[in-house]
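In full-length UniProt numbering, the protein residues as written are 1 to 294.
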(Lines of atoms letter the chains of each structure in order from A and count residues from 1; the text may use other names and numbers.)
(Lines give C-alpha, C1' and ligand atoms only; values in the text may rest on other atoms or scores of the structure.)
Protein backbone atom coordinates (compact mmCIF):
# COMPACT_ATOMS: atom_id res chain seq x y z
CA UNK A 1 0.00 0.00 0.00
CA UNK A 2 1.42 3.38 -1.04
CA UNK A 3 0.45 6.93 -0.05
CA UNK A 4 0.37 9.33 -3.03
CA UNK A 5 -0.49 13.02 -3.43
CA UNK A 6 -1.13 15.08 -6.57
CA UNK A 7 -0.84 12.30 -9.12
CA UNK A 8 -3.37 13.75 -11.58
CA UNK A 9 -0.80 13.76 -14.39
CA UNK A 10 -0.46 9.97 -14.07
CA UNK A 11 -3.11 8.75 -16.51
CA UNK A 12 -3.55 5.30 -14.95
CA UNK A 13 -3.92 6.61 -11.40
CA UNK A 14 -6.15 9.48 -12.48
CA UNK A 15 -8.47 7.08 -14.28
CA UNK A 16 -8.50 4.84 -11.22
CA UNK A 17 -9.44 7.86 -9.10
CA UNK A 18 -12.29 8.65 -11.51
CA UNK A 19 -13.46 5.04 -11.33
CA UNK A 20 -13.53 5.05 -7.52
CA UNK A 21 -15.43 8.34 -7.47
CA UNK A 22 -18.01 6.85 -9.82
CA UNK A 23 -18.21 3.68 -7.74
CA UNK A 24 -18.68 5.43 -4.39
CA UNK A 25 -20.49 8.68 -5.27
CA UNK A 26 -22.00 7.82 -8.68
CA UNK A 27 -20.36 10.77 -10.39
CA UNK A 28 -16.91 11.32 -11.82
CA UNK A 29 -14.52 14.19 -12.40
CA UNK A 30 -13.23 13.13 -15.82
CA UNK A 31 -15.02 15.88 -17.77
CA UNK A 32 -13.94 18.42 -15.16
CA UNK A 33 -10.32 17.35 -15.68
CA UNK A 34 -10.63 17.17 -19.47
CA UNK A 35 -11.90 20.76 -19.62
CA UNK A 36 -8.88 21.96 -17.66
CA UNK A 37 -10.67 22.85 -14.42
CA UNK A 38 -8.56 20.57 -12.19
CA UNK A 39 -5.81 22.87 -10.90
CA UNK A 40 -3.34 22.79 -8.02
CA UNK A 41 -6.19 23.97 -5.79
CA UNK A 42 -7.59 20.42 -5.83
CA UNK A 43 -5.18 18.03 -4.15
CA UNK A 44 -6.01 14.30 -3.87
CA UNK A 45 -4.39 12.34 -1.05
CA UNK A 46 -4.80 8.64 -1.79
CA UNK A 47 -3.84 5.14 -0.77
CA UNK A 48 -2.72 3.10 -3.77
CA UNK A 49 -2.71 -0.69 -4.04
CA UNK A 50 -0.65 -1.65 -7.06
CA UNK A 51 -1.93 0.81 -9.64
CA UNK A 52 -5.38 1.24 -8.12
CA UNK A 53 -6.70 4.07 -5.95
CA UNK A 54 -8.48 2.38 -3.04
CA UNK A 55 -9.00 5.29 -0.61
CA UNK A 56 -8.91 9.05 -0.92
CA UNK A 57 -9.35 12.33 0.91
CA UNK A 58 -9.01 15.46 -1.21
CA UNK A 59 -7.89 18.88 -0.06
CA UNK A 60 -9.42 21.96 -1.68
CA UNK A 61 -7.32 25.10 -1.20
CA UNK A 62 -9.83 27.86 -0.52
CA UNK A 63 -9.09 31.57 -0.53
CA UNK A 64 -12.13 33.06 1.15
CA UNK A 65 -13.00 36.60 2.15
CA UNK A 66 -14.83 37.33 5.39
CA UNK A 67 -15.94 40.94 5.83
CA UNK A 68 -13.20 42.11 3.47
CA UNK A 69 -10.40 40.03 5.02
CA UNK A 70 -8.87 37.21 2.99
CA UNK A 71 -8.32 33.87 4.70
CA UNK A 72 -6.62 30.67 3.58
CA UNK A 73 -8.78 27.65 4.36
CA UNK A 74 -8.73 24.01 3.40
CA UNK A 75 -11.94 22.17 2.59
CA UNK A 76 -11.83 18.41 2.97
CA UNK A 77 -13.83 16.49 0.38
CA UNK A 78 -14.11 13.40 -1.82
CA UNK A 79 -13.63 11.18 1.25
CA UNK A 80 -14.02 7.65 -0.09
CA UNK A 81 -12.79 4.08 0.32
CA UNK A 82 -13.36 1.14 -1.98
CA UNK A 83 -15.82 -1.22 -0.20
CA UNK A 84 -13.26 -4.05 -0.38
CA UNK A 85 -10.76 -1.96 1.61
CA UNK A 86 -12.96 -0.55 4.35
CA UNK A 87 -12.37 -1.03 8.08
CA UNK A 88 -8.59 -0.96 7.59
CA UNK A 89 -8.02 2.55 8.94
CA UNK A 90 -7.11 4.02 5.55
CA UNK A 91 -9.20 7.18 5.98
CA UNK A 92 -7.64 7.72 9.40
CA UNK A 93 -4.14 7.44 7.93
CA UNK A 94 -4.98 9.90 5.17
CA UNK A 95 -6.52 12.42 7.56
CA UNK A 96 -3.54 12.21 9.90
CA UNK A 97 -1.17 12.85 6.99
CA UNK A 98 -3.18 15.85 5.81
CA UNK A 99 -3.35 17.41 9.27
CA UNK A 100 0.36 16.81 9.84
CA UNK A 101 1.12 18.65 6.60
CA UNK A 102 -1.25 21.60 6.97
CA UNK A 103 -2.28 22.18 10.59
CA UNK A 104 -0.92 25.53 11.71
CA UNK A 105 -0.05 26.55 8.14
CA UNK A 106 -3.55 27.64 7.08
CA UNK A 107 -6.24 29.71 8.78
CA UNK A 108 -8.58 26.77 9.19
CA UNK A 109 -9.78 23.43 7.89
CA UNK A 110 -13.41 22.44 7.40
CA UNK A 111 -15.66 19.87 5.79
CA UNK A 112 -19.29 18.91 5.27
CA UNK A 113 -19.90 15.43 6.66
CA UNK A 114 -22.39 12.73 5.78
CA UNK A 115 -24.74 11.87 8.62
CA UNK A 116 -23.32 8.33 8.80
CA UNK A 117 -19.81 9.48 9.83
CA UNK A 118 -20.47 12.24 12.36
CA UNK A 119 -18.41 10.46 15.03
CA UNK A 120 -15.30 10.19 12.83
CA UNK A 121 -14.13 13.80 12.55
CA UNK A 122 -14.15 14.82 16.25
CA UNK A 123 -11.37 12.24 16.73
CA UNK A 124 -9.10 14.67 14.87
CA UNK A 125 -10.15 17.80 16.75
CA UNK A 126 -12.95 18.96 14.47
CA UNK A 127 -16.00 20.50 16.13
CA UNK A 128 -19.52 20.96 14.79
CA UNK A 129 -20.56 24.42 13.73
CA UNK A 130 -23.86 25.91 12.73
CA UNK A 131 -24.34 27.63 9.41
CA UNK A 132 -27.06 30.18 8.80
CA UNK A 133 -29.54 30.86 6.04
CA UNK A 134 -31.01 34.20 4.96
CA UNK A 135 -34.56 34.64 3.64
CA UNK A 136 -36.44 37.63 2.33
CA UNK A 137 -40.25 37.77 2.19
CA UNK A 138 -41.34 39.79 -0.81
CA UNK A 139 -43.96 42.50 -1.06
CA UNK A 140 -43.97 43.69 -4.65
CA UNK A 141 -46.86 46.10 -4.08
CA UNK A 142 -44.60 48.27 -1.92
CA UNK A 143 -41.57 48.15 -4.19
CA UNK A 144 -40.51 50.69 -6.77
CA UNK A 145 -37.94 49.81 -9.41
CA UNK A 146 -37.03 50.94 -12.91
CA UNK A 147 -37.62 47.37 -14.14
CA UNK A 148 -41.25 47.32 -13.00
CA UNK A 149 -43.72 47.20 -15.87
CA UNK A 150 -41.22 45.63 -18.22
CA UNK A 151 -41.52 42.09 -19.51
CA UNK A 152 -38.71 40.31 -17.70
CA UNK A 153 -37.80 36.83 -18.77
CA UNK A 154 -34.78 34.92 -17.45
CA UNK A 155 -32.84 33.22 -20.23
CA UNK A 156 -31.91 29.65 -19.40
CA UNK A 157 -28.29 28.85 -20.25
CA UNK A 158 -27.67 25.57 -22.05
CA UNK A 159 -24.41 24.41 -20.48
CA UNK A 160 -24.03 21.57 -22.98
CA UNK A 161 -23.19 24.23 -25.56
CA UNK A 162 -19.45 24.95 -25.54
CA UNK A 163 -19.92 28.61 -26.44
CA UNK A 164 -22.44 29.22 -23.65
CA UNK A 165 -20.21 27.47 -21.15
CA UNK A 166 -17.12 29.44 -22.14
CA UNK A 167 -18.96 32.77 -22.07
CA UNK A 168 -20.28 32.05 -18.58
CA UNK A 169 -16.91 30.95 -17.22
CA UNK A 170 -15.27 34.03 -18.73
CA UNK A 171 -17.90 36.19 -17.04
CA UNK A 172 -17.14 34.40 -13.79
CA UNK A 173 -13.44 35.26 -14.09
CA UNK A 174 -14.34 38.96 -14.33
CA UNK A 175 -17.08 38.96 -11.71
CA UNK A 176 -16.94 40.58 -8.29
CA UNK A 177 -18.23 39.08 -5.03
CA UNK A 178 -21.94 39.54 -4.46
CA UNK A 179 -21.73 38.05 -0.99
CA UNK A 180 -20.15 38.97 2.34
CA UNK A 181 -18.45 35.56 2.64
CA UNK A 182 -16.96 34.78 -0.75
CA UNK A 183 -14.75 32.18 -2.40
CA UNK A 184 -11.90 32.50 -4.89
CA UNK A 185 -11.52 29.04 -6.42
CA UNK A 186 -12.15 28.88 -10.16
CA UNK A 187 -11.96 25.10 -10.39
CA UNK A 188 -14.55 24.51 -7.70
CA UNK A 189 -16.92 27.09 -9.17
CA UNK A 190 -16.48 25.48 -12.58
CA UNK A 191 -17.29 22.10 -11.04
CA UNK A 192 -20.57 23.43 -9.67
CA UNK A 193 -21.57 25.27 -12.82
CA UNK A 194 -20.78 22.40 -15.19
CA UNK A 195 -21.93 19.65 -12.82
CA UNK A 196 -24.51 19.76 -10.00
CA UNK A 197 -25.97 23.16 -10.93
CA UNK A 198 -25.68 22.98 -14.73
CA UNK A 199 -29.48 22.93 -15.20
CA UNK A 200 -30.09 25.93 -12.93
CA UNK A 201 -28.20 28.71 -14.68
CA UNK A 202 -29.95 31.78 -16.12
CA UNK A 203 -28.93 35.04 -17.71
CA UNK A 204 -30.87 38.18 -16.78
CA UNK A 205 -30.24 40.65 -19.63
CA UNK A 206 -31.76 43.71 -17.95
CA UNK A 207 -29.36 43.28 -15.03
CA UNK A 208 -26.49 41.90 -17.14
CA UNK A 209 -25.86 39.08 -14.71
CA UNK A 210 -26.00 35.33 -14.42
CA UNK A 211 -27.72 33.57 -11.57
CA UNK A 212 -27.80 30.01 -10.32
CA UNK A 213 -31.32 29.45 -9.04
CA UNK A 214 -34.25 27.10 -8.63
CA UNK A 215 -37.86 27.48 -7.51
CA UNK A 216 -39.78 25.27 -5.10
CA UNK A 217 -43.03 26.03 -3.28
CA UNK A 218 -43.07 29.72 -4.24
CA UNK A 219 -39.51 30.19 -2.96
CA UNK A 220 -36.64 31.28 -5.19
CA UNK A 221 -33.50 29.51 -4.04
CA UNK A 222 -30.79 31.89 -5.21
CA UNK A 223 -27.54 29.95 -5.00
CA UNK A 224 -25.17 32.38 -6.72
CA UNK A 225 -24.96 35.72 -8.51
CA UNK A 226 -22.29 36.14 -11.19
CA UNK A 227 -21.87 39.76 -12.24
CA UNK A 228 -19.30 42.52 -12.68
CA UNK A 229 -21.31 44.76 -10.35
CA UNK A 230 -23.33 44.45 -7.15
CA UNK A 231 -26.82 43.07 -7.80
CA UNK A 232 -29.52 43.20 -5.15
CA UNK A 233 -31.36 39.87 -4.70
CA UNK A 234 -34.70 41.68 -4.49
CA UNK A 235 -34.08 43.04 -8.01
CA UNK A 236 -33.61 39.49 -9.24
CA UNK A 237 -36.94 38.63 -7.61
CA UNK A 238 -38.73 40.93 -10.06
CA UNK A 239 -38.01 38.39 -12.80
CA UNK A 240 -40.12 35.87 -10.89
CA UNK A 241 -42.68 38.16 -9.22
CA UNK A 242 -45.69 36.20 -10.46
CA UNK A 243 -44.56 32.85 -9.03
CA UNK A 244 -42.55 33.49 -5.84
CA UNK A 245 -43.17 34.90 -2.39
CA UNK A 246 -39.78 34.35 -0.75
CA UNK A 247 -36.09 34.37 -1.63
CA UNK A 248 -33.70 32.01 0.15
CA UNK A 249 -30.04 32.80 -0.36
CA UNK A 250 -27.29 30.24 -0.87
CA UNK A 251 -24.72 32.73 0.38
CA UNK A 252 -24.31 35.45 3.00
CA UNK A 253 -25.73 38.82 1.87
CA UNK A 254 -24.02 42.12 2.47
CA UNK A 255 -27.00 43.70 4.22
CA UNK A 256 -27.94 40.96 6.65
CA UNK A 257 -30.32 43.17 8.64
CA UNK A 258 -32.77 43.13 5.71
CA UNK A 259 -33.23 39.38 5.99
CA UNK A 260 -34.72 36.82 8.29
CA UNK A 261 -31.90 34.59 9.53
CA UNK A 262 -32.06 31.10 11.01
CA UNK A 263 -29.80 28.11 11.51
CA UNK A 264 -29.32 26.05 8.37
CA UNK A 265 -29.94 22.32 8.23
CA UNK A 266 -29.29 20.02 5.30
CA UNK A 267 -29.14 16.25 5.19
CA UNK A 268 -25.61 14.81 4.88
CA UNK A 269 -24.06 18.25 5.18
CA UNK A 270 -23.01 18.76 8.81
CA UNK A 271 -20.30 21.41 9.06
CA UNK A 272 -17.15 20.53 11.00
CA UNK A 273 -14.42 23.10 11.59
CA UNK A 274 -10.87 23.23 12.87
CA UNK A 275 -9.26 26.60 13.58
CA UNK A 276 -10.04 29.84 15.41
CA UNK A 277 -10.93 31.84 12.29
CA UNK A 278 -13.70 29.41 11.37
CA UNK A 279 -15.48 30.17 14.64
CA UNK A 280 -16.61 33.30 12.80
CA UNK A 281 -19.10 31.19 10.88
CA UNK A 282 -21.23 31.08 14.03
CA UNK A 283 -20.17 34.44 15.43
CA UNK A 284 -21.07 36.32 12.25
CA UNK A 285 -23.90 34.00 11.20
CA UNK A 286 -22.31 33.04 7.89
CA UNK A 287 -23.34 30.68 5.12
CA UNK A 288 -20.71 28.99 2.99
CA UNK A 289 -21.61 29.74 -0.65
CA UNK A 290 -23.58 26.81 -2.06
CA UNK A 291 -21.20 26.56 -5.00
CA UNK A 292 -18.19 26.32 -2.67
CA UNK A 293 -19.11 22.82 -1.51
CA UNK A 294 -16.61 20.24 -2.72
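We treat Cβ as the ideally placed atom computed from N, Cα and C, and that holds for glycine.
Looking from the CA of residue 239, the closest CA among 257, 250, 100, 208 belongs to 208.
Segment contact: the stretch 160-176 against the stretch 245-255, fewer than three CB-CB distances shorter than 8 Å; contact not assigned. Annotation: residue 287 to residue 133 spans about 6 Å, alpha carbon to alpha carbon.
Straight through space, the alpha carbons of residue 8 and residue 102 are spaced by roughly 20 Å. Three or more beta-carbon pairs drawn from the stretch 102-116 and the stretch 71-78 are found closer than 8 Å, and the two stretches are therefore classed as touching. Following the DSSP letters along the chain, one finds residue 71 inside the beta strand (DSSP E) bounded by residues 69-81. Looking at the backbone, the Cα of residue 280 and that of residue 65 are separated by about 12 Å. Here the stretch 117-137 makes contact with the stretch 259-272; the two share three or more CB pairs at distances below 8 Å. Residue 268 counts as exposed, since fewer than 16 other C-beta atoms from the protein chains shown sit within 10 angstroms of its C-beta.
The stretch 229-236 and the stretch 111-124 do not touch, with fewer than three beta-carbon pairs separated by less than 8 Å.
The distance from the Cβ of residue 29 to that of residue 45 is about 15 Å, inconsistent with a contact at the 8 Å cut-off. Between residue 194 and residue 172, the C-beta spacing is not below 8 Å. By the beta-carbon neighbour count (other beta carbons within 10 angstroms, threshold 16), residue 60 is buried.
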